[in-house]
Amino acid sequence: MGTLCGGWESPQIGFDDQRLIGENLARVTAGTARKRLGV
């Protein structure tokens, strides 16, 4: 995998991988927000 800061430009990461990474980040962020809110 490419570096996180240059990941979107990295030829080592395919478009599908970028989408999966984005979805995972969104899921983790939402999960963390829920824990903080106690939902």
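Quick note: to get the numbering used here, add 380 to the position in the sequence shown (first position is 1). Beta carbons: idealized from backbone N, C-alpha and C, even for Gly.
With 16 other CB atoms within 10 Å as the buried threshold, where does residue i fall?
| i | result |
| --- | --- |
| leucine 405 | exposed |
| leucine 400 | exposed |
Between the C-alpha atoms of residue i and residue j, what's the straight-line distance to the nearest angstrom?
| i | j | result |
| --- | --- | --- |
| glycine 402 | glycine 394 | 12 angstroms |
| arginine 416 | aspartate 396 | 30 angstroms |
| threonine 409 | glutamine 398 | 16 angstroms |
| glycine 411 | valine 419 | 10 angstroms |
| arginine 407 | arginine 414 | 11 angstroms |
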